[in-house]
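In the working numbering, the protein residues as written are 59 to 237. One structure below.
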Amino acid sequence: ATRWHWCCSPFSASIAENWASKIVLKIWLVQERSLDGRAAKGQMMSKRVVITGSTRGIGNGLAREFLKRGCSVTISGRSADTVAVAVAELGEYFGESKVRGRACDITDPAALQGLWDCAAEAFGGTDIWINNAGMSIERKPLWEQSDEAIEALVTTNLTGALLGSKVAIRNMLAQGGGQ
């Protein structure tokens, strides 16, 4: 039997976009404050953003929200096919020059560096790196989880985020800034 992930239904997709919109708005408000502390209305961000795990769900919602605000976005996912489809959809709506994508296993430092390099080649660097990729396991008590499921969860969600942060920090230090 096919099991659908929560973010695959149209209802939950709208929830994901709502969450994404709130997250991007908070980042935007921090980035674009004027000297008197108020956000400048109608201002575009024009940042270069990389989002791991962004072919669907909240990650895709984040990509859309950044693109709406004038950012250039590099998306990623595990499958080259799903990345290509998402890049085509986003490019059609927001402009092909504003979006790039690359398949990336976030547990592989070389793949993460390749994701950075993709964004740097396309947009000249990265201003914002978001570690969004993750996985979930079957909802049941911990003592009933298999060792393999727990190891996969930790490797993806913890190690992947740490490796992604390492690549982002190292490269942002080299380019002179970012977040």
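Ideal Cβ positions, reconstructed from N, Cα and C, are used throughout, including at glycine. Computed from a predicted structure; not experimentally measured.
- Nearest C-alpha to T113 among K156, A161 and R106: A161.
- For the pair V141 and G135, the CB atoms are nearer than the 7 angstroms cut-off.
- Cβ neighbours of K156 within its own chain (closer than 7 angstroms, five residues either side excluded): L125, S130 and V131.
- Residue pairing by DSSP puts R158 in a beta bridge opposite T132.
- Per the coordinates, the alpha-carbon of R158 lies some 6 angstroms from the alpha-carbon of V145.
- Here the segment 166-178 makes no contact with the segment 192-208; the two share fewer than three CB pairs at distances below 8 angstroms.
- In the three-state DSSP reduction, R106 falls in the strand class (E or B).
- S137 and G115 have their alpha carbons spaced roughly 15 angstroms apart.
- By the neighbour-count criterion, in which 16 or more other beta carbons inside 10 Å mark a residue as buried, E154 falls on the exposed side.
- Per DSSP, the unbroken beta strand (DSSP E) holding W187 starts and ends at I186 to I188.
- In its chain, beyond the 5 residues on either side, R158 have a beta carbon closer than 6 angstroms to the beta carbon of A180.
- When the five nearest sequence neighbours on each side are left out, the beta carbons in the same chain lying within less than 8 angstroms of the beta carbon of G222 are those of T110, I164, L170, W187, N189 and A191, in order along the chain.
- For the set T217, E206 and T184, the Cα lying nearest the Cα of L231 is the one of T184.
- Under the DSSP assignment, N215 falls outside any alpha helix (DSSP H); it carries neither an H nor an E label.
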